[in-house]
Amino acid sequence: MTSSFKTFWIPLSVAGAVASIMLVGITAANAGECPADKVVAGDGQKAGPTAHKGVSEKLLGQIDLANEKIALANHHLRMRRLEIAPGGEVAWHSHDDRPALIYVISGTISEYASTCSVPIVHKSGDLSIESHLSHWWKNSSSKPVILISADVATDVHDSNM
4 MTSSFKTFWI
14 PLSVAGAVAS
24 IMLVGITAAN
34 AGECPADKVV
44 AGDGQKAGPT
54 AHKGVSEKLL
64 GQIDLANEKI
74 ALANHHLRMR
84 RLEIAPGGEV
94 AWHSHDDRPA
104 LIYVISGTIS
114 EYASTCSVPI
124 VHKSGDLSIE
134 SHLSHWWKNS
144 SSKPVILISA
154 DVATDVHDSN
164 M
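In terms of the numbering used here, the sequence shown opens at residue 4 and continues consecutively.
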């Protein structure tokens, strides 16, 4: 290879690879979110089931935020592992005062949110940011769904998902 060929094509190849990675990242960031034209102001999906069905939960750890620098009394940062069986449902609940991050480890699950007029499908690798909404989840697949939930809760024994 000549020096001028390398000078031209190597940077161009690197730029193409970086652009491809960025496009994949942009697509992944939008996965599992309500489509922009379907976002509504709290009158999206209606209240769903009132009790959990086929859901098992394991507390992985928690931090009493009253003992931290932020000194947030009566609040805990907790992380849980949830398994939703095929046909299982996480009951209707609110995140008005309990922000959460939900990461889908495996499987596919549908979310029915008050802020979206259509169900939101979440797949492995998706992150759901839950704040100022109410919603419920359903596993309509034939395989269990595994989620990791990190939230700020006022009651460490709160059964709300």
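The C-beta atom is built at its ideal place from N, Cα and C for all residues, glycine as well.
Cβ-Cβ separation, residue j to residue i (assumed contact under 8 Å), whole Å
| i | j | result |
| --- | --- | --- |
| H79 | Q65 | 5 Å |
| V107 | V148 | 7 Å |
| A52 | A94 | The amino acid at residue 52 is misidentified as Ala; the sequence shows Pro. Confirmed, Cβ separation roughly 5 Å. |
| S127 | G110 | 7 Å |
| S59 | E86 | 5 Å |
| H135 | D99 | 6 Å |
Residue closest to residue i, alpha-carbon to alpha-carbon, out of the options
| i | options | result |
| --- | --- | --- |
| E92 | K41, W139, S145 | W139 |
| S113 | S143, N77, A156, V43 | S143 |
| A156 | I123, L150, R101, K141 | R101 |
| L150 | L63, K49, D46, E71 | L63 |
Collapsed DSSP secondary structure at residue i in the structure displayed
| i | result |
| --- | --- |
| D99 | coil |
| A153 | strand |
| L2 | The displayed coordinates of the chain run from 4 to 164. Any statement about residue 2 would go beyond what the structure contains. |
Residues that residue i bridges to, as DSSP identifies them
| i | result |
| --- | --- |
| H138 | H96, A116 |
| S3 | No answer is possible for residue 3: it lies beyond the span of the chain, which begins at 4 and ends at 164. |
| V42 | C119 |
| E133 | A103 |
| T111 | K126 |
| G64 | M82 |
Own chain residues within Cβ distance below 7 Å of residue i, not counting five before or after
| i | result |
| --- | --- |
| K167 | Because the chain in this structure spans residues 4 to 164, residue 167 falls outside the shown range and cannot be described. |
| A76 | A69 |
| S97 | S137 |
| W145 | Looking at the sequence shown, residue 145 is not Trp but Ser. Same-chain partners within the cutoff: P89. |
| A74 | none |
| D67 | H79 |
Contacts around residue i, its chain only, beta-carbon distance under 6 Å, and the 5 residues preceding and following it disregarded
| i | result |
| --- | --- |
| K41 | C119, S120, V121 |
| K141 | E92, S113 |
| P38 | none |
Cut-off 8 Å between Cβ atoms - residues of its own chain near residue i, not counting five sequence neighbours on either side
| i | result |
| --- | --- |
| L104 | L130, S131, I132, E133, S152, A153, D154 |
| A44 | T118 |
| G57 | I87, A88, P89, G90, G91, E92, N142 |
| A50 | W95, S137, W139 |
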